[in-house]
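Read through the structure below, which is laid out as structure tokens, and then see the notes.
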RNA sequence: GCCGACAUAGCUCAAUGGUAGAGCACAGCUUUCGUAAAGCUGAGGUUCAGGGUUCGACUCCCUGUGUCGGCUCCA
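Numbering (the working numbering), first residue to last: 562 to 1299.
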């Protein structure tokens, strides 16, 4: 028994901690025990495999170092060196980031470390370094990392009181670390040394946790280097961001890298070109897709499907133009608030065009400094005086005013100029449809739909194939309803959105409720309206039974929304379908219906687009199916390939029969051998390839092959057509077989 | 928009300041072929556009356009 200094027997208040394990068992360990102690008490094998603990106490879960004493009774899971466990990988990759940073610092002594977190599929480290790191440097970095790993150095945590630590950081003089430390919470700061030798081994300010030793980091790869800015601020210091990944096992790394290679082959930009689905033309303009006939076939099938479903649900189709008067968008709030995100307005009068030009010049000059700015200001003044001579003075505009005032006056002058805007959204036009007649509550809900093309001036760096474009087609509809009808209509639209994803086998989506950010001023409408709209959206999400996350600041400017988000083949997330509840635009446009009380009421609008954008949706779909569309969507469903010229007549006869049966069919009479012919047709992702030669002609049969290389067998034409029709109706089942 | 890289035949890529080339695809011919690539021949180029340096530019410099990877943004 330990004794107190006074020699009195110690009264032991607490000897044991209760630790609940994932299997439900509870074990007791000594006070001060660590996750490693718990692992050891369960088994030495587990202790060897352990890399961290996942501890829950007071409903808070955190991942902790193996060596950290447990704070009291808790739940604890031991994280082991498993590539299957995202938590284990998270810790591993955090540690790998430290090793990468050490390697980079050794090779580039000038490098200043900024921030190096684990991310979804690996880690990155932001570094300030004037010299560019290039892919040619990656093998050197990896070799240096390998050396560090082979030294089997432990990760050792050190804590210091905040003030003491800050002194040390200031001595080091790395502004980023000082900044990070200042933003860290708590009265202590922690550091991790990669090794046992404080002072000589690599050390980084870090909250942890880390794996016990570099030896655990068995498989890693530096993959990419790119640019970023400190704290994401483009005006702050430019940094180099080195991306890497790490796994516990080499096989897992290899599998991951192979998967990335495979994913690249699914890229819709490559498949879209190879299969002749769409092109992007430099002559037409960035972000403006040209749908080729085969791509348009896919799109038309999707549109027909959705249209049929909408008609069943009581929607009606409308068609509206792609531009509209500026006044419309002033009322809606799109113009000039979102001016930067729109194609420039087309002003009608010379005066309007001149003011627009002067404003654009003034805005550009405002960003300049020094003599360049002085020259610019002179040019702006010259434009203004020329305008005065031509059309008279612009109200409030003085020659000697500072540039910001001039910009404000030009803006004000532009506000009364007439012109047109390429529409960024369809809703104002659909509101025009609503306003075509007086409406009664008996007309509601009114559901109007249009595959409407809209144009947005996306930043040039954002454009990406069909997935992020400047001109796109929304499968847009607007529902106008009474408050009583709202909940039911929102729920129905949510169901429709899920239905279209799932009919295409797209189950891997997440649902996000976008709410208003109270701190932002980008929203229109009253807090009461917002509260009602957000409640309606929330209720629909709950009733639909989906898992969802709620995110502030993701609402549309007129209302909250439910977004369906999917990933492309290289892991980027994109919004597809959306459902939005809007109390505000009806108010802004003064919409009304006559209620049963014979008084006017303001309807509520629902904006919804299950595909979102046809361009983006088809892009994602190309990647999802790797170009091998289910038969109902395929641009070419069947190919007839003749063995030789001797079978040409029979081939033509089969082709005509299939075409008359409504199948999309291609005839290949070329003089190649059947091997290369099949190869070409399979590469074109045609669902079924019918080989026809003298034998088939004699027996009046088809030799049916699929695009995966399987020979299905011989069938009669009638049986084949029947199976195809069945497969088309099923929207995804395989029905052709013998 | 910012940072960086890139732009050569339809596609993938060569050509280091001195006559722009290959494979695949395409066209013609030969072959009439039985299930993952037959042979020969041919055509195809304002080397993204415009300007500059140079005796001479695909190559070096500037500007613009576009593409890619990030950042930032996405009503």
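Glycine included, C-beta positions come from ideal geometry on N, C-alpha and C.
| Asked | Found |
| --- | --- |
| Closer than 8 Å is the cut-off here; do at least three beta carbon pairs connect the stretch 734 to 748 with the stretch 666 to 678? | yes |
| Mind checking which residues open and close the alpha helix (DSSP H) that includes residue 1149? | 1145 to 1149 |
| Along the chain, where does the alpha helix (DSSP H) containing residue 1229 start, and where does it finish? | Taken as a continuous stretch (DSSP letters only), residue 1229 belongs to no alpha helix (DSSP H), being part of the beta strand (DSSP E) at 1226 to 1229. |
| Should residue 1251 go down as buried or exposed, given a rule of 16 or more other Cβ atoms within 10 Å for buried? | buried |
| Considering only their Cβ atoms, is the gap separating residue 1142 from residue 1167 smaller than 8 Å? | yes |
| Tell me where the alpha helix (DSSP H) around residue 821 begins and ends. | 811 to 826 |
| DSSP three-state label for residue 1293, please. | coil |
| Check whether the Cβ atoms of residue 805 and residue 661 sit closer than 8 Å, and answer yes or no. | yes |
| Starting from the C-beta of residue 638, find all residues in its chain whose C-beta is less than 6 Å away, skip the five residues before and the five after it, and write them out in chain order. | 583, 615 |
| Where do the ends of the alpha helix (DSSP H) carrying residue 1099 lie? | 1088 to 1105 |
| Quick check for students: name the residue ranges of the alpha helix (DSSP H) that lie wholly in the stretch 975 to 1018, counting only runs of 4 or more. | 988 to 995 |
| For residue 1293, which residues in the same chain have their Cβ closer than 7 Å to its Cβ, ignoring the five residues on either side in sequence? | 1066, 1191 |
| Judging by CA-CA distance, which residue of 1186, 1285, 1169, 1116 is the nearest neighbour of residue 1226? | 1285 |
| Could you tell me if residue 566 is buried or exposed, where buried requires 16 or more neighbouring beta carbons within 10 angstroms of its beta carbon? | With a pLDDT of 38 at residue 566, under the threshold of 50, the modelled position of that residue is not reliable, and the figure given next carries that caveat. Under this definition residue 566 is an exposed residue. |
| Candidates 784, 783, 802, 785: which alpha carbon is nearest residue 792's? | 802 |
| Which full runs of the beta strand (DSSP E) of 3+ residues lie inside the stretch 906 to 930, going along the chain? | none |
| Using the C-alpha atoms, what's the distance from residue 1243 back to residue 794? | 48 Å |
| I need the DSSP call for residue 563, collapsed to helix, strand or coil. | In this prediction, residue 563 has a pLDDT of 35, which is less than 50 and means its spatial position is unreliable; what the coordinates show is noted afterwards. Coil, per DSSP. |
| Is there contact here, the stretch 1065 to 1080 with the stretch 1160 to 1174, by at least three beta-carbon pairs under 8 Å? | no |
| Measuring CA to CA, which of 790, 821, 1043 is closest to residue 1133? | 821 |
| Measure from the alpha carbon of residue 750 to the alpha carbon of each residue in 766, 762, 760, then state which is nearest. | 766 |
| Rounded to the nearest angstrom, how far is the Cβ of residue 979 from that of residue 913, given a contact under 8 Å? | 7 Å |
| Quick one: what's got a C-beta closer than 6 Å to residue 1274's C-beta in the same chain, skipping five residues either side? | 1299 |
| Can you tell me whether DSSP reads residue 970 as helix, strand or coil? | helix |
| Would you tell me roughly how many angstroms separate the C-alpha atoms of residue 1290 and residue 1156, rounded to the nearest one? | 43 Å |
| How should residue 782 be labelled, buried or exposed, when 16 other C-beta atoms within 10 angstroms of its C-beta is the threshold for buried? | buried |
| Measure how close the beta-carbons of residue 1081 and residue 1114 come, nearest whole angstrom, since I'm counting them as under 8 Å. | 6 Å |
| Let's test the definition: count the other Cβ atoms within 10 Å of the Cβ of residue 1161 and tell me whether it reaches 16, buried, or not, exposed. | exposed |
| Do residue 1075 and the ligand GTP come close, with the Cβ less than 7 Å from some heavy atom? | Within the structure as shown, the ligand GTP is missing, as the structure has no ligands at all. |
| Please list the terminal residues of the continuous alpha helix (DSSP H) segment that includes residue 798. | Unbroken run through residue 798: none, as it is neither H nor E. |
| Report the rounded CA-to-CA distance for residue 1101 versus residue 1055, giving the unit in angstroms. | 8 Å |
| In this structure, how does DSSP classify residue 1193 when only helix, strand and coil are distinguished? | coil |
| Does DSSP put residue 1298 in a helix, in a strand, or in coil? | coil |
| Is the separation between the beta-carbon of residue 771 and that of residue 716 shorter than 8 Å? | yes |
| Would you mind working out which of 1206, 1196, 1258 sits nearest residue 1248, comparing C-alpha positions? | 1196 |
| Where does residue 1165 sit, in a helix, a strand or coil, going by DSSP? | strand |
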